[in-house]
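2 protein chains.
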Amino acid sequence: MLTFVGLGLWDERSVTVEGRDALRTADQVFAEFYTSKLAGATLDDIESHHGIEVEVRSREGVEQEPDPILDAAASGDVVFCTAGDTMIATTHVDLRLRAHERGIETRVVHGTTAAAAAASLTGLQNYRFGKATTLPFPYAHGGRASKDASGERTESASVPDSVLDTVGANRERGLHTLCFLDIKVDHELAEDDEYMTASTAAALLTDAGRGDELGVVVARAGSPDPVVTADRLAALAERDFGDPLHLLVLPGELHYIERDALVELADAPADLADERLA
Amino acid sequence: MLTFVGLGLWDERSVTVEGRDALRTADQVFAEFYTSKLAGATLDDIESHHGIEVEVRSREGVEQEPDPILDAAASGDVVFCTAGDTMIATTHVDLRLRAHERGIETRVVHGTTAAAAAASLTGLQNYRFGKATTLPFPYAHGGRASKDASGERTESASVPDSVLDTVGANRERGLHTLCFLDIKVDHELAEDDEYMTASTAAALLTDAGRGDELGVVVARAGSPDPVVTADRLAALAERDFGDPLHLLVLPGELHYIERDALVELADAPADLADERLA
Chain A
1 MLTFVGLGLW DERSVTVEGR DALRTADQVF AEFYTSKLAG ATLDDIESHH
51 GIEVEVRSRE GVEQEPDPIL DAAASGDVVF CTAGDTMIAT THVDLRLRAH
101 ERGIETRVVH GTTAAAAAAS LTGLQNYRFG KATTLPFPYA HGGRASKDAS
151 GERTESASVP DSVLDTVGAN RERGLHTLCF LDIKVDHELA EDDEYMTAST
201 AAALLTDAGR GDELGVVVAR AGSPDPVVTA DRLAALAERD FGDPLHLLVL
251 PGELHYIERD ALVELADAPA DLADERLA
Chain B
279 MLTFVGLGLW DERSVTVEGR DALRTADQVF AEFYTSKLAG ATLDDIESHH
329 GIEVEVRSRE GVEQEPDPIL DAAASGDVVF CTAGDTMIAT THVDLRLRAH
379 ERGIETRVVH GTTAAAAAAS LTGLQNYRFG KATTLPFPYA HGGRASKDAS
429 GERTESASVP DSVLDTVGAN RERGLHTLCF LDIKVDHELA EDDEYMTAST
479 AAALLTDAGR GDELGVVVAR AGSPDPVVTA DRLAALAERD FGDPLHLLVL
529 PGELHYIERD ALVELADAPA DLADERLA
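Read top to bottom, the protein sequences are chains A and B.
Reminder that position 194 of the first sequence reads as 194 in my numbering, one-by-one numbering, no gaps.
Residues are numbered in my numbering as their position in the second sequence, beginning at 1, plus a constant of 278.
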């Protein structure tokens, strides 16, 4: 049996009780942290809190060499865990399909997700979000952070057209857009920039001519003290929101209660929020 | 302090460890089950598993008379819990805003959600879903389940245009649509139909001329044995998927791994899935 367990958003207590029980009764526990990480817990925290040993697999160790996991699951109870919900990436679906091919039973224990948390924490309604998008580091899509050689700013330099297209298509329908921010672990060009901050994201969007638009930063969703701040993107670009992970929401139309939530709970400038009222 | 706790998807063990600890250390625990319910646990199960007493509030008891909850939270540690994630409905955001107005500190402990589970269980990628929609019972939007008086089928009779518009707008962008199915607890017209089944949903869509399209049923997401079945909507309408809750996903374009997941894990007819390959 191969049980996929989502560890949730923050630390060793973000897993569900059902997931915790699966971890504790498993014969063997594997994990991957290349698609996402628990920002509030180390591997040691997880192992000692649950009284288990965890074998962390690299991307190659899951995608190219899945046999150790599958062999163990063919003969015993194996848990494969990830941050957030499980099966969130194709790499997990692929592993599940390989297990299925070998006749190994699989089970999914769900975890909390950044998408749901972003809606909850901002007071923006879940069913009023359109397609989500990911804002990449400029070096990852061939762009640059700021001006080109001639000193002129071009939209494609800072933010890929595909991201702006998604935001635009959602907004045409009045829908909010959740922007995941790039994570580059051990990337040769990443330097210390492993996690894109919301300030960087807001600066990139400001470079793309969106500085006057309303943005909502969600920092450390799922932690005991998440920060939720709404302001013009140009103003958000000047702020420091502390430790990762950060998310950025670009609201579409606002219902009254959404407007009130952004103003009262996230300090949105009232005039800016009022402009968005449906 | 008022802590909002999401109980997750299925039973008393679907809550996170952090949420369980909040329930167990609270001075008082309130709950509402009018926006959603735990299908796999009774109130007794929740109370006895966690060793707590829960005061269940009706919609009126939350929206019109929130003072007992707020008074308790002003002087002690109070938990307000709901199925799924918390803050999923405006009714919860409104309660949080009222607490904020009174200077009561609030905190959110997230829960697992049907939207994330639908993506996980079907193998369809979370970031390829567009706006979600809710399919209402025909009596709830003035339509009828089947034919009109002249015996002719009309689209508006079974499914509101707004639902078909959402599915269409998502599909134009290649995106999947998650359809929540209507819940009517204690509705005067509901009879035994409190939870719309996926069969009923598929029949309504078949009545609306969509019978040849691919649908994916997810029954009892978050339970130990969820059912995931993909087929033509007309065929799904003839099947029985057992106890609630049910969800229906209408896929947009499929990536290869999504196609494989639907065929291998959900028994989708291969020809139907292949038509949707991007």
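Even for Gly, the Cβ is constructed at its ideal location relative to N, Cα and C.
Computed from a predicted model, the values in this text were never measured in an experiment.
Asked: Could you please give the first and the last residue of the uninterrupted alpha helix (DSSP H) stretch that includes B:Arg451?; Found: First-last for B:Arg451: undefined, no H or E at that position.
Asked: Counting only beta-carbon separations shorter than 8 Å, does B:Asp545 have a partner in chain A?; Found: no
Asked: Apart from the five residues on each side of it in sequence, which residues of its chain come closer than 7 Å, Cβ to Cβ, to B:Gly500?; Found: Gly286, Leu287, Trp288, Ser292, Thr390 and Ala395
Asked: What does a CB cutoff of less than 6 Å around A:Ala201 pick up in its chain, not counting 5 residues either side in sequence?; Found: Leu135, Leu181 and Leu248
Asked: When you compare each of B:Val437, B:Tyr405, B:Tyr473 and B:Gln306 to B:Asp349 by their alpha carbons, which one comes out closest?; Found: B:Gln306
Asked: To the nearest angstrom, report how far apart A:Glu53 and B:Leu555 are at their CA atoms.; Found: 41 Å
Asked: Is A:Val29 close to chain B? Criterion is C-beta to C-beta, closer than 8 Å.; Found: no
Asked: Comparing alpha-carbon positions, which option in B:Tyr312, B:Val295 and B:Arg451 lies nearest B:His370?; Found: B:Tyr312
Asked: For a test of the three-state rule: what should DSSP assign to B:Gly429, helix, strand or coil?; Found: In this prediction, B:Gly429 scores a pLDDT of 49, lower than 50, which makes its location untrustworthy; the coordinate-derived value is nonetheless stated afterwards. Residue state, collapsed to three classes: coil.
Asked: If you draw a straight line from the C-alpha of B:Asp443 to the C-alpha of B:Arg302, how long is it?; Found: 45 Å
Asked: Any beta carbon from chain A within less than 8 Å of B:Ser398's own beta carbon?; Found: yes
Asked: Use the C-beta contact count for A:Glu258: other C-beta atoms within 10 angstroms, 16 or more gives buried, fewer gives exposed.; Found: buried
Asked: With burial defined as no fewer than 16 other Cβ atoms inside 10 Å of the residue's Cβ, what is the status of B:Glu290: buried or exposed?; Found: buried
Asked: Does chain A have any CB closer than 8 Å to the CB of B:Ile366?; Found: yes
Asked: B:Val340 by DSSP, collapsed to three states: which one?; Found: helix
Asked: Could you name the residues of chain B that A:Gln64 contacts, counting a contact when the two beta carbons are closer than 7 Å?; Found: Simply none; closest approach about 16 Å.
Asked: Any idea if B:Gly354 is buried or exposed, counting beta-carbon neighbours within 10 angstroms, 16 or more meaning buried?; Found: exposed
Asked: Going straight from the alpha carbon of A:Asp85 to that of A:Asp231, what length do you get?; Found: 29 Å
Asked: Using a 10 Å radius around the Cβ and a threshold of 16 neighbouring Cβ atoms, would you call A:Gln64 buried or exposed?; Found: exposed
Asked: So which residues on chain A does B:Arg291 lean against when the C-beta distance must stay under 8 Å?; Found: Thr16, Val17, Glu18 and Asp21
Asked: Assuming A:Ala26 contacts A:Val79 under a Cβ cut-off of 8 Å, what Cβ separation, rounded to an integer in Å, is found between them?; Found: 4 Å
Asked: Jot down the residue ranges of each uninterrupted alpha helix (DSSP H) in the region 362-408 of chain B, minimum 4 residues, whole runs only, in chain order.; Found: 368-379 and 392-400
Asked: Does chain B have any CB closer than 8 Å to the CB of A:Ile257?; Found: yes
Asked: If we define contact as Cβ-Cβ less than 8 Å, is B:Asp439 a contact residue for chain A?; Found: no
Asked: Against chain B, does A:Phe137 count as a neighbour if the rule is that its beta carbon must be under 8 Å from one of theirs?; Found: no
Asked: Could you name the residues of the same chain whose beta carbon sits closer than 7 Å to that of A:Ala99, not counting the 5 residues immediately before and after it, in chain order?; Found: Leu2, Leu70, Ala73 and Thr106
Asked: Taking a contact to mean a Cβ-Cβ separation below 8 Å, would you say A:Leu250 touches A:Thr177 in this structure?; Found: yes
Asked: Suppose the cutoff is 7 Å on Cβ atoms and the five residues either side in sequence are ignored; what does the same chain contact list for A:Ala83 look like?; Found: Leu7, Phe33, Ser36, Lys37 and Leu38
Asked: Thinking B:Tyr497 and B:Gly520 are a contact (beta carbons under 8 Å), I'd like their distance in whole angstroms, please.; Found: Reading off the sequence, residue 497 of chain B comes out as Ala, not Tyr. Between B:Gly520 and B:Ala497 the Cβ distance is about 6 Å, and since that is below 8 Å, they are a contact.
Asked: Check for me: the alpha helix (DSSP H) holding A:Asp271 runs from which residue to which?; Found: Ala270 to Glu275
Asked: Nearest chain A C-beta to B:Arg376 closer than 8 Å, yes or no?; Found: no
Asked: Which residues in the same chain as A:Gly51 place their Cβ atom closer than 8 Å to its Cβ, once the five residues preceding and following it in sequence are excluded?; Found: Arg24
Asked: Near B:Arg457, which residues of its chain fall below 6 Å by C-beta distance, leaving aside the five closest residues on each side in sequence?; Found: The question names Arg, yet the displayed sequence has Cys at residue 457 of chain B. Here the set comprises Thr411, Leu413 and Leu526.
Asked: If we cut at 8 Å on Cβ distances, does B:Glu553 have a partner in chain A?; Found: no
Asked: At a Cβ threshold of 8 Å, is A:Leu2 touching chain B?; Found: no
Asked: Under three-state DSSP, which class holds A:His280?; Found: No statement about residue 280 of chain A is possible, as the shown extent of chain A runs from 1 to 278 and does not include it.
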